[in-house]
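Participant:
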Amino acid sequence: MDSRPRRSRLVAGCQRCRGDVHAEICRHCQRVGVGCNRSSVRFREGLALPSIAFPEEPSWPRINGKGTLYSWNISRNINNCNAHSPTVRFHDETSEITSLYVEISEDPESQWAHEKDDYSHGNPHHETVIDTPKEPQIGLQHVVNLRSPSVPNTAAENPSPASLSIISSSSSRTRSSYTTLHTFTEREAILIRNFVENMALWADITDPKRHFETEVPARALKDSVLRLAVLAFSSRHLNRKNTEDATEALQYHNDCVKLLIPAMSDPEQHITEDILASVAILRQHEEMDGEDNQFHLTGTTRILNTVSIFGSSGGLGEAAAWLCLRQDIYVALTTQQPLRTDLQNFLESDVFDRDDDFAWSSRMVFLLAKALQDVFAKNSSSKSIDEEVQEWYANKPHTFEPIRVVPRGSEIENRFPAIWMLLPVHVVGLQYYHMTKIVLALSQSSNASSTYETLRQSRLIEKNIQHHLLHVLGLAKSNSKAENTLFTARHSLVAWGWALRSRGDQKAAESLLRDMHERTGWNMDLLIMSLRQQWRDENEH
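Numbering-wise, the sequence shown is residues 7 to 547 according to this note's numbering.
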């Protein structure tokens with residue numbers, strides 16, 4: 007035994023190395039180039055390595071009994087072990103551990119309570135990480151069978167209405183929703199991967215945490231509604247070149263709707279962020295039709311206006327809310343009808359406090375929504391909104407400046423200006439800026455004193471619309487990675503395509519729409535026919 011007297015004096019030192027008490031910065035922190043943290047935490051001296059290390063001649067305990075894992079010839083020290091040491095025996099706990107797993111799988115109440123506590127008292131932005139064993143483990147047969155493709159997963163495929171209240175940062179989740187993991191078939195795995203790699207960015211365009219790419223697939227493992235919505239949307243995208251093969255997407259869509267109807271009709275059910283995300287994805291699926299019936303848009307706006315917290319809740323709920331707002335903006339532009347979404351629900355969002363590029367783009371989306379709301383409500387605040395828009399443009403981060411600009415030319419492929427941006431989020435921010443300028447230009451009241459002055463102002467407004475519309479189209483064509491910007495260009499052509507007077511611009515617009523149809527699966531046939539009719543009417547007059 008160490009005969010040195012124990013020292014009990016406490017000293018204040020660096021938290022990392024607990025040394026160099028008197029120096030301003032300890033040698034370790036100085037060497038690695040980090041700050042020396044000398045807080046009020048105090049450490050006890052005297053814990054040097056020699057005082058706590060094992061002796062060179064240790065006394066090892068004797069190990070007896072069934073299941074012994076050591077050889078008696080490990081070391082000569084084992085044969086000379088202390089005679090007074092207690093005997094250690096090995097106990098095989100395999101059966102006890104197996105029974106614990108069986109109990110949990112049959113009645114997951116304790117597991118459910120633990121997970122519920124994590125979401126109720128933990129971080130509201132909690133992300134679920136699912137660890138699925140690659141190989142069946144010996145002694146856990148019951149658990150493995152729950153995830154085996156050979157056993158029908160009736161709980162996941164045919165859930166009761168009560169199982170549709172899924173995880174939310176602000177509400178509890180039902181026990182039946184998260185009991186087992188769904189086992190994907192080969193086709194489902196292909197569809198899920200296609201969604202993650204190609205389609206999630208459409209929804210995550212202004213979301214720095216990419217909730218639709220990261221959270222939606224993970225939750226789809228456990229939630230039937232969300233899974234079927236993703237599968238329907240992804241199937242529609244994969245089969246975009248074969249318009250006759252729409253049976254698969256339609257089947258997934260119908261199965262999802264069958265589960266959504268009781269979830270949204272029962273007043274006792276919680277409308278959760280998973281349900282909102284599911285309806286938003288179904289709305290994306292619906293937008294791909296040539297004729298938009300807006301059924302799911304009614305569902306998303308109803309949820310947002312009923313559960314106002316989604317607009318500022320953070321996590322998947324807020325990400326889905328911003329997607330729904332952009333969907334509502336598209337319909338307001340193309341149908342010339344007021345917004346259905348209550349913008350007051352977004353005022354508490356942290357995008358108005360953050361200073362990152364994603365927040366700046368989201369604020370521009372909100373400004374366009376405000377402009378549309380005021381225009382259709384015939385309010386007199388459009389001037390103040392115009393000032394907000396100009397302030398946004400003047401103070402935007404330098405990352406929103408193009409890295410390359412090429413003026414438009416006479417060839418069809420160069421009719422739109424080439425405007426290269428750093429990232430897709432910057433493209434969207436500028437596109438919404440130009441769209442807002444068009445809305446504000448059309449909302450200007452004429453104060454002309456004569457017919458000539460009225461016509462002159464009309465021509466100036468039309469030139470202004472053409473200028474901003476060409477920038478919207480040029481941004482979409484110049485940044486191929488940002489497929490979401492093609493949707494914005496498409497919506498702009500629906501609303502203001504008539505402003506393209508030049509035949510070259512019209513052909514370039516048709517080419518852009520066909521390219522969008524090829525890449526995204528959105529049907530453009532009816533829109534191209536409508537634009538051609540508008541252009542013919544303008545030429546005849």
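Don't be surprised by glycine CBs; every beta carbon is placed ideally from N, CA and C. All values reported here derive from a predicted model rather than from experimental measurement.
1) Look up Arg507 in the DSSP assignment and say whether it is helix, strand or coil.
2) Is it the case that the Cβ atoms of His302 and Leu322 are separated by a distance below 7 Å?
3) Identify every run of the beta strand (DSSP E) within the segment 350 to 416, keeping only runs that are complete inside it and at least 3 residues long; order them along the chain.
4) Whole angstroms are fine: how far does the CA of Asp531 sit from the CA of Val478?
5) Compare the beta carbon distance of Cys409 and Ile444 with 7 Å and say whether it is the shorter of the two.
6) Any idea if Leu329 is buried or exposed, counting beta-carbon neighbours within 10 angstroms, 16 or more meaning buried?
7) Between Gly305 and the rest of its own chain, which residues show a CB-CB distance below 6 Å, the 5 nearest in sequence each way excluded?
8) With distances taken between CB atoms, is the gap from Ser318 to Ser367 smaller than 7 Å?
9) What is the rounded straight-line gap between the Cα of Leu533 and the Cα of Leu492?
10) So Leu374 packs on Ala326, CB below 8 Å; how close in whole Å?
11) Exposed or buried, Asn248, counting other C-beta atoms within 10 Å across all chains shown (16 or more means buried)?
12) Suppose contacts are defined by Cβ-Cβ distances below 7 Å. Is Arg225 in contact with Asp261 by that definition?
13) Using a C-beta cutoff of 7 Å, does Ala195 count as contacting chain C?
14) According to DSSP, is Ile309 helix, strand or coil?
15) Give the straight-line distance between the Cα atoms of Ala168 and His276, rounded to the nearest whole angstrom.
16) Leaving out the 5 sequence neighbours to the left and right, which residues in its chain are closer than 6 Å to Glu524 when beta-carbon positions are compared?
17) Examine the Cβ distances between the segment 428 to 443 and the segment 455 to 475 and report whether three or more of them are shorter than 8 Å.
18) Checking 7 Å against the spacing of the C-beta atoms, do Leu378 and Leu349 come in under that value?
19) So, with DSSP's three-state summary, where would you put Trp426?
20) Which two residues bound the contiguous alpha helix (DSSP H) that contains Ala286?
21) Are the segment 446 to 465 and the segment 478 to 490 touching by the rule of at least three beta carbon pairs closer than 8 Å?
22) Should Thr405 and Asp363 be called a contact, given that it needs their Cβ atoms to be closer than 7 Å?
23) If we count the other Cβ atoms within 10 Å of its Cβ and call it buried at 16 or more, is Ile335 buried or exposed?
24) Do three or more CB pairs link the segment 414 to 422 to the segment 511 to 519 at distances below 8 Å?
25) If you run the structure through DSSP and keep just helix, strand and coil, what is Arg346?
26) Identify whether Leu537 lies in helix, strand or coil by the three-state DSSP scheme.
27) Nearest CA to the CA of Phe201: which residue from Ser390, Asn245, Leu187 and Thr212?
28) Do the CB positions of Ser484 and Trp426 come within less than 7 Å of each other?
29) Within this structure, are the beta carbons of Ala501 and Ala482 separated by less than 7 Å?
30) Along the chain, where does the alpha helix (DSSP H) that runs through Glu468 open and close?
31) In chain order, what residues of the same chain have a beta carbon less than 8 Å from the beta carbon of Glu544, not counting five sequence neighbours either side?
32) Excluding five sequence neighbours on each side, which residues of the same chain lie with their C-beta closer than 6 Å to the C-beta of Lys376?
33) If you follow the alpha helix (DSSP H) that His217 is in, where does it begin and where does it stop?
34) Report, in whole angstroms, the separation of the C-beta atoms of Leu188 and Leu227, which I expect to be a contact under 8 Å.
35) Consult DSSP for Met530 and reduce its assignment to one of helix, strand or coil.
Facilitator: Concretely, from the data shown:
1) coil
2) no
3) 410 to 412
4) 21 Å
5) According to the sequence provided, residue 409 is Ile. The question's Cys does not apply to it. No, these two residues do not count as a Cβ contact at 7 Å.
6) buried
7) Val285
8) no
9) 14 Å
10) Not quite, the Cβ-Cβ distance comes to about 19 Å (not below 8 Å), so this is no contact.
11) exposed
12) no
13) The chain inventory of the structure shown lacks chain C, comprising one protein chain alone.
14) helix
15) Since pLDDT at Ala168 reaches only 34, below the 50 mark, its modelled position is unreliable, and the value read off the structure follows with that caveat. Rounded to whole angstroms, Ala168 to His276 spans 10 Å at the Cα level.
16) none
17) yes
18) no
19) strand
20) Glu279 to Glu293
21) no
22) yes
23) buried
24) yes
25) coil
26) helix
27) Asn245
28) yes
29) no
30) Thr457 to Ser484
31) Trp504 and Arg507
32) Ile391
33) His217 to Ala226
34) First, the amino acid is wrong: residue 188 is His here, not Leu. His188 to Leu227, Cβ: 6 Å. Contact.
35) coil
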